[in-house]
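Novice:
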Amino acid sequence: MVLDAPGTALRAADLPRPALRSGQVRIRVDACGVCRTDLHIRDGELTEPKLPLVLGHQIVGRVVEGEALPAGTRVGVPWLGWTDGECRYCRSGRENLCDRGLFTGYTLDGGYAEEAVADARFCIELPSGPGDVEIAPLLCAGLIGYRSLRAAGDGERLGLYGFGASAHIVVQIAEREGRRVFAFTRAGDDAAQSFARELGAEWAGAVGERPEELDAAIIFAPAGELVPEALGLLAKGGTVVCAGIHMTPISSFPYELLWGERVIRSVANLTRRDGEELFRLVREEPIRTTVEAFPLAGAEQALDRLRRGDVRGAAVLSVTNGT
Ligand SMILES: [Zn+2]
Ligand SMILES: [Zn+2]
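Numbering (my numbering), first residue to last: 1 to 323.
#1: Figure out for me which residue from Glu212, Gly111, Arg180 has the closest Cα to the Cα of Ala201.
#2: Mind checking whether the beta-carbon of Asp84 lies closer than 6 Å to any heavy atom of ligand 1?
#3: Any chance the segment 124 to 136 sits against the segment 254 to 267, with 3 or more Cβ pairs inside 8 Å?
#4: Does the beta-carbon of Arg42 have 16 or more other beta-carbons within 10 angstroms, so that it is buried, or is it exposed?
#5: Could you check if Glu276 is buried or exposed, using at least 16 other CB atoms within 10 Å of its CB as the buried criterion?
#6: For the beta strand (DSSP E) containing Phe294, list its first residue and its last residue.
#7: With DSSP run on the structure shown, which of helix, strand or coil describes Val227?
#8: Please report the distance separating the alpha-carbon of Phe195 from that of Glu212.
#9: Measure the CB-CB distance between Ala243 and Ile144 and report whether it falls below 7 Å.
#10: Looking only at its own chain, which residues have a Cβ that is under 6 Å from the Cβ of Gly322, when we skip the five neighbours before and after it?
#11: Using CA coordinates, which residue listed in Gly188, Thr107, Arg308, Leu231 is at the minimum distance from Leu158?
#12: Using the Cα positions of Val63 and Ala19, report the straight-line distance between them to the nearest angstrom.
#13: Quick one: which unbroken beta strand (DSSP E) runs of 3-plus residues sit fully inside the segment 135 to 191? Chain order, please.
#14: Do Ile59 and Ser148 have their CB atoms nearer than 7 Å?
#15: Opposite Asp119 in the DSSP bridges: which residues?
#16: Among the residues of its own chain, which have a CB less than 6 Å from the CB of Leu160, if the five just before and after it don't count?
#17: For the candidate residues Val2, Arg11, Cys123, Val54, whose alpha-carbon lies nearest to that of Asp274?
#18: Are at least three pairs of beta-carbons, each pair with one atom in the segment 307 to 323 and one in the segment 19 to 34, less than 8 Å apart?
#19: Between the Cα of Ala141 and the Cα atoms of Leu214, Arg11, Ile245, which residue gives the shortest distance?
#20: Would you say Thr37 touches ligand 2, meaning its beta carbon is less than 6 Å from a heavy atom?
#21: Look at the Cβ atom of Arg28, then the Cβ atom of Gly66, and state whether they are nearer than 7 Å.
#22: Express the C-alpha separation of Leu39 and Leu306 in angstroms, rounding to a whole number.
#23: Considering only DSSP beta bridges, list what Phe103 is partnered with.
#24: Does the beta-carbon of Thr331 have 16 or more other beta-carbons within 10 angstroms, so that it is buried, or is it exposed?
Structure follows, in structure tokens:
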């Protein structure tokens, strides 16, 4: 499925098979997760995609060609597709901030397709066990959620704003770590609130409610007004993490909300180390994902459902079963 220009519908197309460069592998795509970032690219809120573009950065597939990995290896391809390895960020363990980084499904073609090409150094060998569709959301919703949780610090009382694909994974990791999770959704979204409680949230309710003070909050919804809202619930020394790649402007707020060594920070992209750490956790104890599968040709429909906030858990394109 190809995006020709932001704001237009994806269309089915037969693309030429790119020749492999050194270190690359060709992958048969079995499943590809649908992320809110895909929607921001599709709708033009992220303004520098390569065009035409194949979206999708939560690819699960099997290696079919290339010397860098054995044929048949099941791999995941995440958002971070390539870095230069030599800039000041790469050399200091912060490859997620690489000045020349390339991103799957944004500046590189991604996985809303039957085949994809990826740099083997950035592929993740996936644990056996979870199915292709079930494991796909871990490759961004899981990875960004994991990185956000680490950025949030060790505080016990964790608020999650927006209970979609990322939050439904983070709540399970947070629970394992003995944290108490408070899930905030749009007012009246009873389905999301009961989903949050089922997965281990101690409390779930509407944004604006004040269950108790929080040690940290992670904002997954792209709504800037949530930043002062979350700050207002934060204990001294606490952190608000903005997990998304796009957010509407943050409304102004009185300095008292930040005073007391409260921190607002973002999380950008991911490192390969995040991948190693998250999938180590998954190997120890599986993370249960809730997915809604769509056929490859249903990518627009999946994005539309995500735009309306009408997906329970994560949307995934099931490519080898569903086309
Ligand atoms: Zn770099
Ligand atoms: Zn993503």
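Virtual Cβ for every residue (Gly too), placed ideally from N, Cα, C.
Specialist: So, to answer that:
#1: On the sequence shown, residue 201 is found 201 positions in, with the first residue counted as 1. Measuring from the Cα of Ala201, the nearest candidate turns out to be Arg180.
#2: Position 84 of the sequence shown, counted from the start, is the residue given in the question as residue 84. Result yes, Cβ under 6 Å from ligand 1.
#3: no
#4: Translated into the one-based positions of the sequence shown, residue 42 becomes position 42. Per the 10 Å Cβ criterion, buried.
#5: The sequence position of residue 276 within the sequence shown is 276, counting from 1. So Glu276 counts as exposed.
#6: Here residue 294 refers to the residue found at position 294 of the sequence shown. Taken as a continuous stretch (DSSP letters only), the beta strand (DSSP E) holding Phe294 covers 291 to 294.
#7: Numbered from its first residue, the sequence shown carries residue 227 at position 227. Under the three-state reduction of DSSP, Val227 is assigned to helix.
#8: Position 195 of the sequence shown, counting from 1, holds the residue named residue 195. Position 212 of the sequence shown, counting from 1, holds the residue named residue 212. Phe195 and Glu212: Cα-Cα distance of roughly 20 Å.
#9: Looking up residue 243 in the sequence shown gives position 243. Looking up residue 144 in the sequence shown gives position 144. Against a cut-off of 7 Å, the Cβ pair of Ile144 and Ala243 comes out as a contact.
#10: Start at 1 with the first residue of the sequence shown, and residue 322 comes out as number 322. Residue placement at Gly322 is flagged as unreliable, the pLDDT there being 42, under the threshold of 50; a coordinate-derived value is accordingly withheld.
#11: What you label residue 158 is simply residue 158 of the sequence shown in a count that begins at 1. The shortest C-alpha separation from Leu158 is found at Leu231.
#12: Here the question's residue 63 lines up with position 63 in the sequence shown. Here the question's residue 19 lines up with position 19 in the sequence shown. Going from the Cα of Val63 to the Cα of Ala19 covers about 15 Å.
#13: 157 to 161, 180 to 185
#14: Position 59 of the sequence shown, counted from the first residue, corresponds to residue 59. Position 148 of the sequence shown, counted from the first residue, corresponds to residue 148. No, the Cβ-Cβ distance between Ile59 and Ser148 is not below 7 Å.
#15: Stepping through the sequence shown from its first residue, residue 119 is reached at position 119. DSSP lists Gln24 as partners of Asp119.
#16: Translated into positions along the sequence shown, residue 160 becomes position 160. Result list for Leu160: Ala167, Ala183, Ile218, in chain order.
#17: For the purposes of this step, residue 274 is taken as residue 274 along the sequence shown, with counting starting at 1. Ranking Val2, Arg11, Cys123, Val54 by Cα distance to Asp274 puts Cys123 first.
#18: yes
#19: On the sequence shown, residue 141 is found 141 positions in, with the first residue counted as 1. Ranking Leu214, Arg11, Ile245 by Cα distance to Ala141 puts Ile245 first.
#20: By 1-based counting over the sequence shown, the position of residue 37 is 37. Indeed, a heavy atom of ligand 2 lies less than 6 Å from the Cβ.
#21: For the purposes of this step, residue 28 is taken as the residue at position 28 of the sequence shown. For the purposes of this step, residue 66 is taken as the residue at position 66 of the sequence shown. No.
#22: Translated into the one-based positions of the sequence shown, residue 306 becomes position 306. Translated into the one-based positions of the sequence shown, residue 39 becomes position 39. Their Cα atoms are separated by approximately 8 Å.
#23: Within the sequence shown, residue 103 is the residue found at index 103, counting from 1. DSSP, once it has assigned bridges, lists Leu80 as partnering Phe103.
#24: The structure shown does not extend to residue 331, since the chain is modelled only from 1 through 323, so no value can be given for it.
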